[in-house]
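The structure appears below as C-alpha cells.
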Amino acid sequence: MQDVAVVGFAQAPNVRRTSGTTNGVEMLVPIFAEVFSATGLAKKDIGFWCSGSSDYLAGRAFSFISAIDAIGAFPPIHESHVEMDAAWAVYEAWLKIRTGEVDTAVVYGFGKSSASQLRRVLTLQLDPYTVAPLWPDSISIAGIQARLGLEAGLWTEKDLAEVAARSRADAAHNPHAQVSGTVAITDLLDAPYLADPLRAHDIAPVTDGAAVLVLASAERAKDLVDRPAVITGIEHRVDSPVLGARDLTRAPSAEAAAKAAGVSAEVEVAELHAPFTHQELILRTALGLGDRVHVNPSGGVLSGNPMFAAGLARIGEAATQIFTGKARRVLAHATSGPALQQNLVAVLEAA
Amino acid sequence: MAKQLAAVLGTGQTHHRAKRTDVSMPGLLREAIDRAMADARVEWADIDAIVLGKAPDLFEGVMMPELFLTDSIGATGKPLLRVHTAGSVGGSTALVAASLVQAGVHRRVLTVAFEKQSESNAMWALSIIPPFQMPVSAGAGGYFAPHVRSYIRRSGAPGHVGAMVAVKDRRNGALNPYSHLRQTDITLESVQASQMLWDPIRYDETCPSSDGACAMVIGDEAAGDAVAGGPAWIHATAMRTEPTTFAGRDQVNPQAGKDAAAALWREAGITNPLSEVDAAEIYVPFSWFEPMWLENLGFMPEGEGWKLTEAGETALGGRLPVNPSGGVLSSNPIGASGMLRFAEAAKQVMGRAGDYQVDGARIALGHAYGGGSQYFSMWVVGSAKPAR
Amino acid sequence: MSTPLSAPLEVGFDYTRSLGPVLGRFVTGLREHRIEGVRGSDGRVHVPPVEYDPVTAEPLSEFVPVTEEGTVLSWSWIAVPLEGQPLSHPFAWALIRLDGADTAMLHAVDVGSPDRIHTGMRVRVRWTDEPAGHIRDIAHFVPAGTPVPDTRPGSGDEPVVVMVTPVHLHYQHSASPEETRYLRGLAEGRFIGQRCPACGKVYLPPRGACPTDGVPTAEEVELPDTGIVTTFCIVNVPFLGQRIKPPYVAAYILLDGADIAFLHLVLGCEASEVRMGMRVRAAWKPREEWGTTLENVHHFEPTGEPDAPYESFAHHL
Chain A
1349 MQDVAVVGFA QAPNVRRTSG TTNGVEMLVP IFAEVFSATG LAKKDIGFWC
1399 SGSSDYLAGR AFSFISAIDA IGAFPPIHES HVEMDAAWAV YEAWLKIRTG
1449 EVDTAVVYGF GKSSASQLRR VLTLQLDPYT VAPLWPDSIS IAGIQARLGL
1499 EAGLWTEKDL AEVAARSRAD AAHNPHAQVS GTVAITDLLD APYLADPLRA
1549 HDIAPVTDGA AVLVLASAER AKDLVDRPAV ITGIEHRVDS PVLGARDLTR
1599 APSAEAAAKA AGVSAEVEVA ELHAPFTHQE LILRTALGLG DRVHVNPSGG
1649 VLSGNPMFAA GLARIGEAAT QIFTGKARRV LAHATSGPAL QQNLVAVLEA
1699 A
Chain B
3 MAKQLAAVLG TGQTHHRAKR TDVSMPGLLR EAIDRAMADA RVEWADIDAI
53 VLGKAPDLFE GVMMPELFLT DSIGATGKPL LRVHTAGSVG GSTALVAASL
103 VQAGVHRRVL TVAFEKQSES NAMWALSIIP PFQMPVSAGA GGYFAPHVRS
153 YIRRSGAPGH VGAMVAVKDR RNGALNPYSH LRQTDITLES VQASQMLWDP
203 IRYDETCPSS DGACAMVIGD EAAGDAVAGG PAWIHATAMR TEPTTFAGRD
253 QVNPQAGKDA AAALWREAGI TNPLSEVDAA EIYVPFSWFE PMWLENLGFM
303 PEGEGWKLTE AGETALGGRL PVNPSGGVLS SNPIGASGML RFAEAAKQVM
353 GRAGDYQVDG ARIALGHAYG GGSQYFSMWV VGSAKPAR
Chain C
-4 MSTPLSAPLE VGFDYTRSLG PVLGRFVTGL REHRIEGVRG SDGRVHVPPV
46 EYDPVTAEPL SEFVPVTEEG TVLSWSWIAV PLEGQPLSHP FAWALIRLDG
96 ADTAMLHAVD VGSPDRIHTG MRVRVRWTDE PAGHIRDIAH FVPAGTPVPD
146 TRPGSGDEPV VVMVTPVHLH YQHSASPEET RYLRGLAEGR FIGQRCPACG
196 KVYLPPRGAC PTDGVPTAEE VELPDTGIVT TFCIVNVPFL GQRIKPPYVA
246 AYILLDGADI AFLHLVLGCE ASEVRMGMRV RAAWKPREEW GTTLENVHHF
296 EPTGEPDAPY ESFAHHL
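Right, dumping it as C-alpha cells:
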C-alpha cells in the first residue's frame, strides 16, 4: 500500500460571523485557489475530493451539495462527504490513496456556526430519547466534565487559565486566529463564571470558517512540495455516548487511537482539538504527551473553532510545522461529539 | 501492493414499513445488523470497524446519530465513520466500508445504513424553503417530475412504459419477504388509474416512504474464501458527482452517471454490460428512472432504454432482470435504499435471493444516486473472484 | 459592496419517536412515577436504561426498579437557561446517580443559586403535573427533604409506544453577495443576472461560484421578464408546509438571454395547455408588495407567441 502525505493546507480567517452563505462557497473559493497555487495542482489533477460538514449547522437538508460549486465540479468529480469533522474526510481520502486508485486528493471542511445558536444546535448530538429532550447544551455538559476533574484533583482552575493564556499568546502569531493576545492568569481567574465552573476563556469561541488540505501519495508528493508531511499513522475510535456511564475525566478512544497510530516520545509538536481548556489536559494524558511537546503552536481551537473544519485544520497546522521545517515529527488530533466522545489521531513526519 | 480483494460476507435488512413504531432507532438498526452478522457468521469480536450512512439528519431530528448509536451498533472502542452523500449514501457507505478492506486496513467491516422516516416527514424536510426563494418545490417527486417529462419528450417513449416498471417492481416486491409494498394484484390498468401526483408521475409510480435499515459485512480475501457457498466478490466500484444545476446541464442523462458507469465497466472488465451482467439493482424511486438509468449506465443506447423495459426484458426471466427484489418502488428507507441495492446485488451472486433469485446470476450491478441526479455510486459484484 | 441580505429561517418539527421495548417500558414507568433501570452484562444497573449493552452490544432486558432519590456526581450552572430547558430560571445541570443505579442520569436541579448545590448532595425527583410517558415526566430534581407538591401519577392502560419530541431551531439564512444584487434588483422589478468570467454563461440568480468553473460570476447582465418553459410538472399533491395550493404548474423558466432556468409557477391557462417551449412573461405582483424575493413575480403566463422550437432549448433539459 502506498504512503500518503499532506502537501498543502489553507484556511479561511476564523471569525465570529461571516456574511456568507451556510454552504461555505465564499470561504472555500479563495482557499482552493491558495492550495492550488502553492502545490501547482489544478482541479483536473485531483483524483478524489472529500468533505466534512453538517446539515444541522446549516439548518438545511443536503447543505453540503452546493459547496461543490466552489470546486467547479464539471466535468464530474470523484467525490464523497462525511457528516463529521473533515479530519475524518482525511481518513477516507487516505484510504483512497492507499488503495492506489488515486494519487491526489483534496479534503475540505466548512461551517457557519453563527447561523444559529451553536451550543443549542449541538444538543441534537445527544441521546434523542432520554437526554436531548431536556435540551442540555454543549457548554453545560463540558462544565460537568470540567468539575469532575477539578474535584478529583486532576486539574485546578488555574491550570485551565494557563491553557487559555498560552493558547492566546501562541495565537498572536497566527494571522487566522479569532482570539489572541497576552493575558494575565490572575485577570482570567478574576472573570465571572460563564457556566460554573467554566469561564469564558475556558470555552472555544463560536467561529465561522473553512479549511482545505491537499493529500498525495508519498511518491507524488516529492514532486509537489519541498517538505511533504508523510502520514505515518492515522487512527480513530469512539467511546460510549452515555455521559453518566463514562469516566468523563478520561478519553479512552483518544488513548486507543494514539496507541494504534504509533504515537511515540519523539513527537515534537501536537495540534490538539480541545474546545474546552480542561479537554486539552485530558488529551495530553490520553495521548501520552510529555512536557517537552509543544502543544498548539497555532493557538488551537480556543483561538478559533470553525466547526467541521477545526479538526482538519489541526492536521493542516501540524503539517505546516513540517512544511516550514520547524519540526520533523508532529501529532494532530481531532474530536467530535459531546465531551470528547470520538477522537482521531494522526502522526506526520518529514520525509 | 495494490488494492486488496474484498467481498460481501453477508447481508441483512429490516422488514420495511411506513412506520416501524415497534422499534427505536437502535432497535431498527440492530434488526438489520443482527441478520447481516448471522448471514456472515461473524461475532462482534470479528468486526474491526463500522461505517454508517444515512440521508439528512433532519429526517430524524438527531445531529450525527451515529454518536448516540455507538453502543447499539457495537462501535464502542472501534473506528466509526459516518457518510452522507444524499440519496446515494447507502451505496457510498458500502464503498467506504469496502475501501477499508481494499486499503488493507481491516479484515472485516460492518456497514449499515438506515432511515426512520416516520420520526418526521420527509416531504417537510425536503421542502423547507429558505428565505428569498420561490416556494414552488414539492419534495423529491416535484423535483424529478419535470425531468421525467423531458425524458419522455426526448426519447419518444410511449406513456405506458412507466406503468410497466411499476407493475414489474411491485410484483417483484411481492416475492421479497422484507418488502414494504407487496402488491400481487397490481396491473397496468390499476397503475394508470392511480392519481396523478406530479404530472407526469402517478401515485403508483412513486416510491413509498419507509422505515428501514440494511447492513452488510465486508471482508478481505481470506474471509471471503471462508464463506460457505461463496461470498460476493467486489469486482469494481465507482463514485462520481456533479453540481445540482449549471448552464447546459443534462438532467435526464447526467454526465456524472455516465462517467461513473464507464469507470465501473472498465474496472470490471465488462465491454458489453447488457450481455455480461446477469442482474441489476438500480435506484429507481420513480418508475421512469428505469429506462433513464438503463441508458445512463450504458445498458442501452441513448433514447432506447424504454425499449428494453417495454419488451419485458427487465422482468425476472428477461435478458437483464432489473430490481428483482422489488427495488426502491417497493421499499424506500431513503438512507438505506442505496445499500439495499448493493446488498441485493450481492445476494443474487451469492445465490441467496430466495424467491426472486435470478437463475445462475454470476455478475450483478448495485447502483444508487442522490441529490438532483448528481451523486452516483455503484458496484459490480461477482460469484467468482475478479480476474487480476 | 453592501451587506448581503439575510433573514430568519425556522426549522422546527415535533418528532414522533417510537421507543421499542426498553425505552417504552422506561417512559411508561415514568408516567406512573416508577423509575426502572436495566442491568448490564457487567452487573451495572443503567438508569436511564440502555437498549444494548455498552460492553457486549447484546440486547438488555432485566429491569431493576430504583428510587426517586439520588446523589449529585457533578454539576454545572446555567445562569441564563436556553429555550426548551427544564427550568426558565437559573438552575444546575447535574449528573445524578439514583439509589439502586450504577450509572448517572443528566437532569436539572432547582436550587436557586450555585452556592446551594455541591457534589455529593442528595436530590429527589420533582414529577411534572401532567405526566405523558416522556423523559420530561421528571420535571427536574430538588434537594432531598424539600417538600414537593403531591403530583398525581398519570393514567393510561396502554404502554407508551411513541414519544413526541419537539425540535425547533432558529437560523439566520444569508444570501451570497451575488444573489443579494439579484434580490435587490427584484425589489426594483428587474432581473439581474451575472456572467461567469470563465465560461461566459449568464446565471440567474448569479452565483458565488460558477458551478463549472469555481469562480464567482461577475459582469452584470439585465434580463427581460420574458422567456420560455423548458419543462414542468403539475403538482397535485398536498404536503406539510406547502405555501401554494395545488394543483399548480411548477415549471423551469428560461429567461431570454439566460443560460440557466429556474423554477416558478405558470398560470393564466389551463394546466393541460402548458407546453415545453411555451413563451411566457412574468406577471408581477402590485409594486407595493415587492420585496427582495422572486415571489415578487406572482407567476409566469403565456404571451401567446409561437412556441420555441424544441432544438432551441433541448440542451437546457
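Going down the list, the sequences are from chains A, B and C.
Oh and the first sequence: position 250 is 1598 in this note's numbering, straight run, nothing missing.
Oh and the second sequence: position 98 is 100 in this note's numbering, straight run, nothing missing.
Oh and the third sequence: position 81 is 76 in this note's numbering, straight run, nothing missing.
By construction, the Cβ of each residue, glycine as well, lies at the ideal position given by its N, Cα and C atoms.
Proximity of chain C to A:D1417 at the Cβ level (cut-off 8 Å) is accounted for by R202, G203, A204, C205, P206, G209, in chain order. Between A:A1657 and A:A1559, the C-beta gap is smaller than 8 Å, which places the two residues in contact.
Every beta strand (DSSP E) of 3 residues or more that sits fully in the segment 243 to 305 of chain B is shown, in chain order, as 281 to 283.
Contact residues of the segment 76 to 102 of chain B toward chain C are G76, T78 (C-beta to C-beta distance below 7 Å). Remark: C-beta atoms of A:G1592 and C:A99 approach each other more closely than 8 Å. Using a C-beta cut-off of 8 Å, the segment 165 to 179 of chain B makes contact with the segment 318 to 330 of chain B, since at least three inter-stretch Cβ pairs fall below that distance. Counting along the chain, the unbroken beta strand (DSSP E) around C:Y10 starts and ends at 1 to 13. Considering only beta carbons, the part of the segment 141 to 171 of chain C lying closer than 8 Å to chain A consists of M158, T160, V162, L164, H165, Y166, Q167, H168, S169, A170, S171, in chain order. Here DSSP, grouped into helix, strand and coil, assigns B:D73 to coil.
Within the segment 1505 to 1591 of chain A, the complete alpha helix (DSSP H) runs of at least 4 residues fall at 1505 to 1519, 1533 to 1538, 1566 to 1572.
The beta carbon of C:W122 lies closer than 7 Å to those of H28, D132, I133, A134, T146 in the same chain, with the five residues before and after it left out. Excluding residues up to 5 positions away in sequence, G175, A176 lie with their Cβ nearer than 6 Å to the Cβ of B:R184 in the same chain.
According to the DSSP assignment, A:K1460 belongs to no alpha helix (DSSP H) but to the beta strand (DSSP E) extending over 1452 to 1460.
At a cut-off of 8 Å between beta carbons, C:A99 contacts chain A. Restricting attention to C:D254, C:D251, C:K240, the CA atom closest to the CA of C:L260 is found in C:K240. Interface with chain C (8 Å Cβ-Cβ cutoff): B:W46 is included. Straight-line measurement puts the Cα of B:A57 at about 20 Å from the Cα of B:A258.
The bridge partners DSSP lists for A:F1384 come to none. Boundaries of the alpha helix (DSSP H) around B:K349: 336 to 352. Look at C:Q80: its C-beta is under 8 Å from a C-beta on chain A. The Cβ of C:I255 sits no closer than 8 Å to any Cβ of chain A. One thing to note: A:E1619 has its Cβ within 8 Å of the Cβ of A:N1644. In this structure the segment 337 to 356 of chain B lies against the segment 278 to 290 of chain B, because at least three pairs of beta carbons, one per stretch, are closer than 8 Å. Around the beta carbon of B:Q197, a 10 Å sphere encloses fewer than 16 other beta carbons of the protein chains shown; the residue is thus reported as exposed. At a C-beta separation below 9 Å, C:P109 has these neighbours in chain A: Y1541, D1544. Contact between B:L322 and B:A217 does not hold, since the beta-carbon distance rounds to 27 Å and is not under 8 Å. Within the model, the alpha-carbon separation for C:S267 versus B:G161 is close to 16 Å. Taking 8 Å as the cut-off, the beta carbon of A:S1601 is found closer than this to the beta carbon of B:G79. Two segments are said to touch when three or more pairs of C-beta atoms, one from each, lie closer than 8 Å; by this definition the segment 96 to 107 of chain B does not touch the segment 124 to 132 of chain B.
For C:A103, the chain A residues whose Cβ falls inside 9 Å of its Cβ are L1482, P1484, in order along the chain.
Of all residues in the segment 233 to 244 of chain C, none has a C-beta nearer than 8 Å to a C-beta of chain A. Annotation: the continuous beta strand (DSSP E) that includes A:L1692 extends over 1690 to 1698. Think of a sphere of 9 Å around the beta carbon of B:Q257: the chain A residues whose beta carbon falls inside it are F1422, P1423, P1424, in chain order. A Cβ-Cβ separation of about 7 Å places B:V10 in contact with B:V383 under the 8 Å criterion. Residue burial annotation: B:L190 is exposed, with fewer than 16 other C-beta atoms found within 10 angstroms of its C-beta.
For chain B, the residues of the segment 215 to 234 of chain C that bring a beta carbon within less than 7 Å of one of its beta carbons are T226, F227, C228, I229, V230, N231, V232, F234, in chain order.
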